[in-house]
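By numbering that gives the first Met the number 0, the letter at position 832 of the sequence shown is numbered 831, and the numbering carries on one by one without gaps.
C-beta atoms are modelled at their ideal positions from N, C-alpha and C, and glycine is treated no differently.
Predicted model, so just to flag it, every value in this text is computed and none were measured.
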Amino acid sequence: MWLKPDEILLKNAFKLWVTEKDNEYFILQRRRGYGEGGGGLTGLLVGTLDTVLDSTSKVAPYRILHHTPDSQVYWSIACGVTKEEIVQHWEWLQQNIMRTLSVFDSSEDITSFVQGKIRGLIAEEGKTSLVLEEDPEKFREALLRFEKWFELPSEEKLVTYYSCSYWKGKVPCQGWLYLSTNFLCFYSYFLGSEVKLIISWDEIWRLEKTSNVILTESIHVLAHGEEHYFSMLLHLNETFVIMEQLADYSIKRLFDKEAFQREPALSDPLQITKRGLEAHAKSDQFRAFFRLPKEENLLEVHESFLWVPFSHYNTLGKICLSENYLCFASQDGSQCHIIIPMREVVNVEKPDSSSKALTVCVRGKRALRFSEVRDYQRLANTIRSRCGITASPQHSASSEVIRGECQSLINHFEDNPEDVTLMVGQKDSSKAVSTEALMTVFHPQDVENLDPKMLKEKMKEQSWNIHFSEYGRGTSMFFTRKTRDLIVRGVPEALRGELWMLFSGAVNDMATHPGYYSELVEQSLGTSTLATDEIERDLHRSLPEHPAFQSDTGISALRRVLTAYAYRNPKIGYCQAMNILTSVLLLYAKEEEAFWLLVAVCERMLPDYFNRRIIGALVDQAVFEDLIRENLPQLVEHMTDLSFFSSVSLSWFLTLFISVLPIESAVNVVDCFFYDGIKAILQLGLAVLDYNLEALVGCHDDAEAVTILNKFFDSVTNKDSPLPPTVQQASVGNNDKTSHVKVDISELIREAYEKYGNIRSEDVEGSRKRNKLYVIQTLEDTTKQNVIRVVSQEVRFNASQLDELYNLFKRQHFLSCYWTMKSPALLHHDPSLAYLEQYQLGFQQFSMLFSLLEPWGFCAIKSTLSLWFFRLIDENQDGLINFKEFCCALDTLFCGSFTNKLKFLFKLHLPPAFELPEDGVIRKSPERGRGKVDLQAYLKQWQNEILKKEETIKDLPRINQTQFIQFSKTLYNIFHGDPEEELLYRAVAHVTSLLLRMEEVGRRLQEPSSPPATKTAANTAAASAEESPTEEASASPGSSNTSSSHNSQDAGSDPTETEWSFSFEQVLASLLNEPAIVNFFERPVDIHLKVGQAKVAQLKLKATK
């Protein structure tokens, strides 16, 4: 490998390097302790020194130096792992450089020329792969060590590397941590003791930062039940974040493909870089904080001051720019932020160079002034160009008029700082949707009603109107602490839909997709899928007490929204609890708005909640348990198993408390959720447990605790709700007279914010990532245990052996997905299917794994023979093998009797295994997990399996001439390499001759006047079977199949020849007379040893392919 020319002092390296070749300008050297004469104490010391100091010499013990006769300075220009590699570089220098150097007059020119040439070679090599790395030179050296030490497939992409200590027991091993796309690797070498660790990201259960008495701060990794600790990292936080991102990336790509497909930036595992991961993480945080669509990416960040009109001062913060949004968030603790869609920007005023300021004018006569922006001119031009793309035609007025309007606005504001009326936005009067919110239809507000509740409602509306006048209204409103305070007090009924749209970001989705919902409704109308069937079943279970859903108006609207969403996102389709949430959204939002609110909840605010495994809800329950441990220690002491709260709180998270609280109280919770996200639900959950702490600590069992919580929820009221009793939801609990003390929802929410408002959204997201690994691995382990339980009833392997086989089977699936962007193998994993069908292998995956596990070592990868095995095992002929089918085949080969093993090999040469499809390609299974499930087909398949009787040897068809010849050759392949190979070959030849003579005698007895051609055919077949055993065994299965096909054609070319065949009983009886063959097949095979060898060879086999 060519190296960037680096100056060294040769005299300091005499004791560590030995010169192999030299000439006037170059020296080829070998590291002491390597190559000929290596090893011993010198080798141990040099190897340890190289590893600790991260020397390239550890993996590249050869190097080439450049020097000139009149200089004492030497330059390293190349290194090599092997002598052949370094000699190749040496010869290139001799042929291409040495002749040219003679034309230079000075040594400086010679050195300059050599350095330039080497840099050119490096640049040419690194044009594609290393252009995105921060330091290509160091990265090339690290990549060389990574490839040499771990021998992973060449496609594996190294992301970054760090120096650290790995704790093996109580002893730290100093070495290097390498983080790649699919693996966490560590290497250490100390005085002959080598430590090498390779863990794939998809095997990790826990990844967290820890500290104890011995380790001040370390990274803890739990995988395969083993704990690993990495400490003494110079940049521990940076290392942990990268590890967390890679683990999350692997989980999404391999387990949670729905979430992964929404992230095209990381779709190619061969292009992942540290810089790319960091950019992706920042974009994620940016979108989550400002509630922006998933298509937005953080492009630029500028530190600046923003003039805040309601406070009359400049607040320090950061401008965040994406493709379609200009956002600002304060950094001074005022919790002020604003979101400006580019479509709302009218113009950007000419920047002020003295204060480095620029003014952005938006619709509604509003202007935002950013000052002290370092790169203000470029930012202004960027915003202008993006607004020119996104601005609508009606705003394309002349720049002079716009500039004059903005300038007069700024002048007026500077002259009258107390006048903030010009800085407020006006509510957009455009009505995109003609339908109304169901609450306005079924409960219109009576303007003349002056009862106390209505008066309080009017006061709330007035408070919000004052807030709008100060902070703006609509998409460009300022979000501050005062906004949150108003949310906690409760949102007025009339403003609820508008504010939900604003806080969730759904208003931007709807504005950028005009007409989208109407098109979806038209396209989904009349479709029939599993999702639509489930929707129809749940329509009348959605708030059945509410008048809106006792009429066709509400039911039809709910059907349209749910069906349209299922059509938009078939990967989620429909999940229970979506109907309850959507019905509440329809009460306060128009139909199209309710649809976009549902999109915001399912795809952004509650990711992975609404799928068949509800992973998101399970993750947030784990986060909730962590918060209980931190904030309610008394409860933890009394109830050590907090899983009870997970089962109780599942409905809290899935329905945002709507299913447990009366509707008039639940909507206040939804208000907080749309403003603060999942943090609001977690806070309220803690407040509920805190309120009932004494009662919960005193309860004796789970049932009593459930009763306490149910009574509490029944007692929650909303004393300020203006809804009439016909609309308010009745208590869902019992109606006993000893009712709980009434608790007002506003007070409960206020207490939740006061006690637990210090929970940071960043900490919640970190806890989500940490717990997601554990939740998904727990679900995967549950799948494995269920599969093993089913398969164990069919095979003779014990639970431990099945566990190891399952891990190999699953790992083989992942090995096909690691290094390709759109691997077809990814379609073979569908967690929504039954346990046995979740992981399946195609032919290529199967052939590689089967070649490692089959007991006799005769089945080459992707051979014709492995194809026959695959087709025999594939019972339903869908081109995929599940774990049960795979284990049943292995069970026969490892644990079956002589008769069963022989029957398996016999069937291998019968249709459908022996016959290839006409096109020579295995049929692929159709895409699974989609569309409507055919329940009748499932029932019929289940019935057939129950009624299926065990196959007897008499049920097997006879084997014809072509098949029998191939059967004999398969036996030769099996016996190849056995110590008793010659004896076994003779036994097979003897059996073959015997069977053919028996067939000939039988035919003569039946047909005494048969022509002599029959005898000729029999003798020919016997001769074919008795060919040289060595020659037969060395023939590949593919060539064997070709030759047998040729023999078949020869045998059938003469119409006078008679086709002969054998039954399984004849073959079995003949082979039973050969003790050598019987002993071979009855010889026990150590499955544990075979599995252990396969675990070691599985990854290396992939690397060699």
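Assuming H1150 contacts V372 (C-beta within less than 8 Å), just tell me the rounded distance between them. Residue 1150 is absent from the structure shown; the chain starts at 0 and stops at 1104.
Is there contact between the segment 605-615 and the segment 570-577, where contact requires at least three CB pairs shorter than 8 Å? yes
First through last residue of the alpha helix (DSSP H) which encompasses D374: Locating residue 374 in the sequence shown gives position 375, counting from the first residue. It is not in any alpha helix (DSSP H) - D374 carries neither H nor E in the DSSP assignment.
Terminal residues of the continuous alpha helix (DSSP H) containing Y161? Against the sequence shown, residue 161 aligns to sequence position 162. From DSSP, Y161 is part of no alpha helix (DSSP H) but of the beta strand (DSSP E) over L157 to K167.
Reference Y564; option with closest CA among L269, L596 and L542: Taking the sequence shown and counting its residues from 1, the one referred to as residue 564 is at position 565. Minimum Cα distance to Y564 is reached at L596.
Report the option in V1000, G1001, A1096 and Y984 whose CA atom is closest to the CA atom of E1152. Because the chain spans 0 through 1104 in this model, residue 1152 falls outside it and cannot be assessed.
Option nearest M341 by Cα separation, candidates C335, S354, S353 and L325: For this step, residue 341 is matched to residue 342 along the sequence shown. The residue with the shortest Cα to Cα distance from M341 is L325.
Provide the residue(s) that pair with R628 in DSSP beta bridges, ordered along the chain. Looking up residue 628 in the sequence shown gives position 629. Looking at the DSSP assignment, R628 forms no beta bridge with any residue, so it has no partner.
Quick check: what's the CA-CA separation for P830 versus Q837? For the purposes of this step, residue 830 is taken as residue 831 along the sequence shown, with counting starting at 1. For the purposes of this step, residue 837 is taken as residue 838 along the sequence shown, with counting starting at 1. Whole-angstrom Cα-Cα distance: 5 Å.
Euclidean distance between Cα positions of N797 and L1070: Counting from 1 along the sequence shown, the entry for residue 797 is found at position 798. Counting from 1 along the sequence shown, the entry for residue 1070 is found at position 1071. The alpha-carbon atoms of N797 and L1070 are separated by roughly 31 Å.
Which stretch, first to last residue, makes up the alpha helix (DSSP H) that contains R342? Numbered from its first residue, the sequence shown carries residue 342 at position 343. Per DSSP, R342 belongs to no alpha helix (DSSP H) and is neither H nor E.
Short check: CB of K741 to CB of S714, under 8 Å? Along the sequence shown, one-based indexing puts residue 741 at 742. Along the sequence shown, one-based indexing puts residue 714 at 715. Cβ distance < 8 Å, so K741 and S714 count as in contact.
Could you say which of P513, R767, G553 and K293 lies nearest to D619 if we only look at CA atoms? Within the sequence shown, residue 619 is the residue found at index 620, counting from 1. Comparing Cα positions, the closest option is R767.
In this structure, does DSSP put F963 in helix, strand or coil? In the sequence shown, residue 963 corresponds to position 964, counting from 1. Reduced to three states, the DSSP call for F963 is helix.
Please list the terminal residues of the continuous alpha helix (DSSP H) segment that includes K678. One-based indexing of the sequence shown puts residue 678 at position 679. Taken as a continuous stretch (DSSP letters only), the alpha helix (DSSP H) holding K678 covers I677 to Y690.
Confirm, please, whether the CB-CB distance from L807 to A1093 is below 8 Å. Within the sequence shown, numbered from 1, the residue matching residue 1093 stands at position 1094. Within the sequence shown, numbered from 1, the residue matching residue 807 stands at position 808. In this structure, L807 lies closer than 8 Å to A1093 by Cβ.
D873 classed as buried or exposed, judged by whether at least 16 other C-beta atoms fall within 10 angstroms: Position 874 of the sequence shown, counted from the start, is the residue given in the question as residue 873. So D873 ends up on the buried side.
So who's on the other strand from H336, going by DSSP bridges? Stepping through the sequence shown from its first residue, residue 336 is reached at position 337. Bridge partners of H336: A328 and F478.
CA-to-CA distance, L722 to A729, given in whole angstroms: Walking along the sequence shown from the start, residue 729 turns up at place 730. Walking along the sequence shown from the start, residue 722 turns up at place 723. Low confidence applies to A729: its pLDDT is 47, below 50, so where it sits in the model is not reliable enough to give any reading.
Keeping to the same chain, check which residues put their C-beta closer than 6 Å to that of I85; ignore five residues upstream and five downstream. In the sequence shown, counting from the first residue as 1, residue 85 sits at position 86. Result list for I85: Y61 and G79, in chain order.
Classify H65 as buried or exposed, calling it buried when 16 or more other Cβ atoms lie within 10 Å of its own Cβ. Mapped onto the sequence shown, residue 65 falls at position 66. Answer is buried; the Cβ neighbour count reaches 16.
Between V794 and Y834, is the Cβ-Cβ spacing less than 8 Å? Position 795 of the sequence shown, counted from the first residue, corresponds to residue 794. Position 835 of the sequence shown, counted from the first residue, corresponds to residue 834. The answer is no: Cβ separation not under 8 Å.
Drop a sphere of 10 angstroms on the beta-carbon of G841, count the other beta-carbons inside from all chains shown, and report buried for 16 or more, exposed for fewer. Here residue 841 refers to the residue found at position 842 when the sequence shown is read from its first residue. So G841 ends up on the buried side.
How would you call I465, buried or exposed, if buried means at least 16 neighbouring beta carbons within 10 angstroms? If you number the sequence shown from 1, residue 465 lands on position 466. Exposed is the call here.
In the DSSP assignment, what are the bridge partners of H301? Counted from its first residue, the sequence shown places residue 301 at position 302. Answer is I318, bridged to H301.
Measure the Cβ-Cβ separation of T581 and V560 and say whether it is below 8 Å. Against the sequence shown, residue 581 aligns to sequence position 582. Against the sequence shown, residue 560 aligns to sequence position 561. Yes, the Cβ-Cβ distance between T581 and V560 is below 8 Å.
Going residue by residue through the segment 767-835, where are the continuous alpha helix (DSSP H) segments of at least 4 residues, counting only ones entirely within it? Secondary structure remark: continuous alpha helix (DSSP H) runs of at least 4 residues inside the segment 767-835, in chain order: 798-814.
Using alpha carbons as the reference points, say which of G878, L1067 and H975 lies closest to K953. Here residue 953 is taken as the residue at index 954 of the sequence shown, counted from 1. Ranking G878, L1067 and H975 by Cα distance to K953 puts L1067 first.
At a cut-off of 7 Å, is L27 close to the ligand NAP when judged by its beta-carbon and the heavy atoms of the ligand? As far as ligands go, the structure on display features none, and thus does not contain the ligand NAP.
Quick one: Cα of T479 to Cα of H336, how far? Mapped onto the sequence shown, residue 479 falls at position 480. Mapped onto the sequence shown, residue 336 falls at position 337. Their Cα atoms are separated by approximately 7 Å.
Are the beta-carbon atoms of L605 and I662 separated by less than 8 Å? Sequence index remark: in the sequence shown, residue 605 carries index 606 (1-based). Sequence index remark: in the sequence shown, residue 662 carries index 663 (1-based). No, Cβ-Cβ distance for L605 and I662 is not below 8 Å.
With H, G and I counted as helix, E and B as strand and the rest as coil, what does DSSP make of P911? Within the sequence shown, numbered from 1, the residue matching residue 911 stands at position 912. In the structure shown, P911 sits in coil (DSSP, three-state: anything other than H, G, I, E or B).
For V130, which residues of its own chain have a beta-carbon under 6 Å away from its beta-carbon, when the five flanking residues on both sides are left out? As a first step, residue 130 must be located in the sequence shown, where it is residue number 131. Bear in mind that a pLDDT of 42 at V130, under 50, signals an unreliable position, so the number given afterwards is only what the model happens to contain. There are no such residues.
How about the segment 142-162 and the segment 204-224: do they share at least three Cβ pairs that are nearer than 8 Å? no
Does the beta-carbon distance from T67 to T99 come in below 8 Å? The residue you call residue 67 lines up with position 68 of the sequence shown. The residue you call residue 99 lines up with position 100 of the sequence shown. Not in contact: T67 and T99 (Cβ atoms no closer than 8 Å).
Which residues share a DSSP beta bridge with H234? To locate residue 234, count along the sequence shown from 1; it is residue 235. H234 is not bridged to any residue.
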